[in-house]
Structure formats: structure tokens, C-alpha cells
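Heads up: the structure comes next, in C-alpha cells.
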Ligand SMILES: [Zn+2]
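Residue numbers (the working numbering): 4 to 429.
Structure (C-alpha cells):
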């Protein structure tokens, strides 16, 4: 029986794939419920065959045959979901209740920050997040590019990282702030102004290895002040145009309508936060197919650091978050999981999905925000975000049903990334 299955399997393969199969004979996952490719239901009685770094077959178990040399995992009782994606992270930051953002940026060495980021990447991967879009090193230069490459080379464990390096900020529109103007205090991002200056800064970041360009389209001008737009329409247009020349997309930090409007008209790919956005501006985003990363978990963490305890009445910040998310849902704008982790602990990324559900999404929609929708915004919709044939074998096995309870995504048993076992807690 085993021999005949092997013969059939070899016959079914092209010579080159058969040779690849010799090098890695495959991994067959059986017994688990499998999230369907649409991300809507759990398939029972299915097998998932992984050959090399990709998913070779997903079908009723009787139809999935592996080579005699393939390893087979019986995962009865578990649920398989695609490797999760967090589209707004800061691996080079850690929770502000441990060390303030200002002190992390101004006082800690680049070397210490980078070593911390290595540990953060491992914790993230083991939490089932296999892909991150890291949106700025916050003063740690190009350390995200080095970390991305070290992970890709297999030197250290971690998710696949899309790096945006230093991020772009206008003069007088980013921290650390509040110092006497005599002092030239280093900033947590690259200061650049004007069309020429911004084109040059974008080129510098791309040359240093950026996969994305991040721009702060609004910010406060002094501590505690409300956000105002930072860049003109002409400047934002130049950023997006210059990035486009190199085939890079742009993510815009924007919390108020005018900054979001300018960013959308400049054709950015995502809006980060959107905290004070009106339903009309979310509708404009939907019409231009711009995706929202609402970073609910960062807002909650900052409320906690200010003394709020979950379970007690909502402080204004949490109320605003809930109202913003309700407006976003009402508008029909595409929403991706982007948590702003780094503000809170790496490895706790699932908090974003839990809050999306607490604030009005269904668990299935929240899971799609961290898989299908996030993969699409990364332009990796044919490789990531689904358990389907031909996709990269990023798969997480959890206990429980994430279509009913997002917190079940915390019960991670196995993590596969690129077909390799990153974690096995069976
Ligand atoms: Zn952020």
C-alpha cells in the first residue's frame, strides 16, 4: 500500500518537483479542522500536504497521498489557520510602561535595541504571526532591514518582515519633542521636507533596503496638542510618486480627516490609526481601495499605562476607539489587522483581533483581517493568507475555534513558516 502510493505520487510529479521531493519528502497534516480558503468555515476530515515551502494539496484526507518518506502529524482536536499577519508592528520598540518611548529612542544603544528586537521576533513567530509589516524603527536606523535579512537567512527565528526603515516626518512634527529650540534633539524618524527633500529621503530609505515607505501625514506640534496635517498635498504626492518609481507602496500615519484625505488623494496604500476619522472619510478610503489598520490594541495599552484598568468604565480614549471602529465598519472600508505592537508586548498581537471582535466585528471577519485582507494589502494575496494549494506553507495549529472566539488563537500548538516547523508544542 505504501509503495503503490509512493509510485502514484512520483508519477504525478514533474521531474523537477520529484527531485525537490527527494530533498524534502514532505509533511502531511491530518485530523485537524482546516480553515477553508475563503476564511469562512472549518473543513473537517481534510488533509494538508506540504512539499518544500508550499502547500501541495488540501483535500478530503482519502484524496491526499504523501510519499513513504513524508512525515505525518495527527493533529486531531486542533484547528489549522493560515499564518497570521500583523500589518503594523514596531519590533524595535517595547512596552512604554517598561521604558518610555523617549528613553528608548534617546538613551538606549542601537545594539541593545537590536538584540531586543531579535527576541521580539521570536516571540511573535511563536504566537502564530508569520508575517509582519514593520512600520518604522523609531530611531533605530535600519536595524529592521538587518533583522529582516537575518530571519530570511535562517540566522535567527522570526516572522517574514517587510521593513519600512526610518519613516518620514516633517520638521517640528515628531518626537522626542518639548525641548528648547536651541537643542537639536535626535528624532524617532527621518526629518524631510519639500518635494526635493522628500524624494531624496525616499531614495535613501529604498537604497537602505526599505520594502515600504511610512509617512506621518499628521502629528501634534507640541506635547499634548491635537494632531494637524504635516505635509502638503504636493509633498505627499511626491513621496508616493517616488516610492512608486521603485515599485514600493506607502503607508500613512493619519488620524484626522484632512491628513487622511490628502494621503488618499496621493494614493497611499494604507491609513494607520484613523483615530478621529469621520464616516465620510472612511467611505472615501473605501472608494479608493485604501485599507485601514485601526491599531486598537495600542490605544488600549496607552489607556492602561495612563491608569485605566480593563473592566472599569471606558476612559475617553477607549470610547473614541470604539466609536471610530463602528464608523469604519459602517463605511465598509477594508480593515486589516495592524496592532502597533511594540507599544505593547511582542507576542500579544492577537489582542488586536480580540478588540476588533469586542468592538463589533465577527470573529471570522477579524481572522480575515489578519489573513486574507492583510495579505492583499501586502500584495501577497497569491502566497499568503490562505491554506490553499500553491500557497506558502505558513500554517498555525491552535486549540479551539477561532471562528467563534479570537482568543483561541492564543492557544498555539504548532507554527509552520515556509513549510518549516517553527514551533511544536504537541
Ligand atoms: Zn506605529
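Every residue gets a Cβ at the ideal spot worked out from N, C-alpha and C, and that includes glycine. Small disclaimer: the values here were computed from a predicted structure and weren't measured.
{"Query": "Pairwise C-alpha distance: residue 265 and residue 15", "Result": "With a pLDDT of 43 at residue 15, under the threshold of 50, the modelled position of this residue cannot be trusted; read the value that follows with caution. Computed Cα separation, rounded: 53 Å."}
{"Query": "Ligand 1 heavy atom lying under 8 Å from the CB of residue 138", "Result": "yes"}
{"Query": "Spatial distance of residue 90 from residue 253 (CA atoms)", "Result": "13 Å"}
{"Query": "Per DSSP, cross-strand counterpart(s) of residue 294", "Result": "273"}
{"Query": "Any alpha helix (DSSP H) of 4 or more consecutive residues that is wholly inside the stretch 181-211", "Result": "197-210"}
{"Query": "7 Å CB neighbourhood of residue 11 in its chain, flanking five on each side removed", "Result": "Note that residue 11 has pLDDT 43, beneath the 50 cutoff, so the model's placement of it is unreliable and the number below is only indicative. Excluding sequence neighbours, residue 11 sits near 68."}
{"Query": "Simplified DSSP state of residue 75, which is helix, strand or coil", "Result": "strand"}
{"Query": "Residue 347 - DSSP class collapsed to helix/strand/coil", "Result": "coil"}
{"Query": "Nearest residue (CA-CA) to residue 192, options 199, 217, 396", "Result": "217"}
{"Query": "Nearest to residue 30 (by Cα), restricted to the options 292, 41, 396, 411", "Result": "396"}
{"Query": "Whole-angstrom distance between residue 205 and residue 170, CA atom to CA atom", "Result": "9 Å"}
{"Query": "Rounded straight-line distance, which links the Cα of residue 76 to that of residue 144", "Result": "42 Å"}
{"Query": "Distance CB(residue 390)-CB(residue 54) smaller than 9 Å", "Result": "no"}
{"Query": "Three-state secondary structure (DSSP) of residue 308", "Result": "helix"}
{"Query": "Cβ-Cβ distance between residue 131 and residue 399 below 9 Å", "Result": "yes"}
{"Query": "Between the CA atoms of residue 184 and residue 272 - distance to the nearest angstrom", "Result": "35 Å"}
{"Query": "Beta strand (DSSP E) runs wholly inside the stretch 224-257, at least 3 long, in chain order", "Result": "253-257"}
{"Query": "Where residue 302 sits in the DSSP three-state scheme", "Result": "helix"}
{"Query": "CA nearest to the CA of residue 262, picked from 219, 49, 32, 28", "Result": "219"}
{"Query": "Closer than 8 Å: residue 302 CB and nearest ligand 1 heavy atom", "Result": "no"}
{"Query": "C-alpha gap between residue 25 and residue 52, whole angstroms", "Result": "At residue 25 the pLDDT is 38, less than 50, meaning the model places this residue with poor confidence; the figure from the coordinates comes in the next sentence. Rounded to the nearest angstrom, the two C-alpha atoms are 15 Å apart."}
{"Query": "Sub-9 Å separation of residue 173 and residue 234 beta-carbons", "Result": "yes"}
{"Query": "Exposure label - residue 258; buried when at least 16 CB within 10 Å", "Result": "buried"}
{"Query": "Cβ neighbour criterion (16 or more within 10 Å) applied to residue 215", "Result": "buried"}
{"Query": "Counted within 10 angstroms of its Cβ, other Cβ atoms place residue 182 as buried (16 or more) or exposed", "Result": "exposed"}
{"Query": "Contact test: residue 91 Cβ vs ligand 1 heavy atom, cutoff 8 Å", "Result": "yes"}
{"Query": "Residue 58 burial status per 10 Å Cβ neighbour count (16 or more: buried)", "Result": "buried"}
{"Query": "Cutoff 6 Å; reference residue 153; Cβ partners in own chain excluding five residues on either side", "Result": "159"}
{"Query": "Reference residue 279; option with closest CA among 268, 251, 302", "Result": "302"}
{"Query": "Proximity of residue 225 and residue 156 at Cβ, strictly below 9 Å", "Result": "no"}
{"Query": "Burial state of residue 43, where buried means 16 or more other Cβ atoms lie within 10 Å", "Result": "exposed"}
{"Query": "Check: residue 275 C-beta below 8 Å from any heavy atom of ligand 1", "Result": "yes"}
{"Query": "Residue 110 (DSSP reduced to helix, strand or coil)", "Result": "helix"}
{"Query": "Segments of 3+ residues assigned as beta strand (DSSP E) that fall wholly inside the stretch 387-414", "Result": "398-402"}
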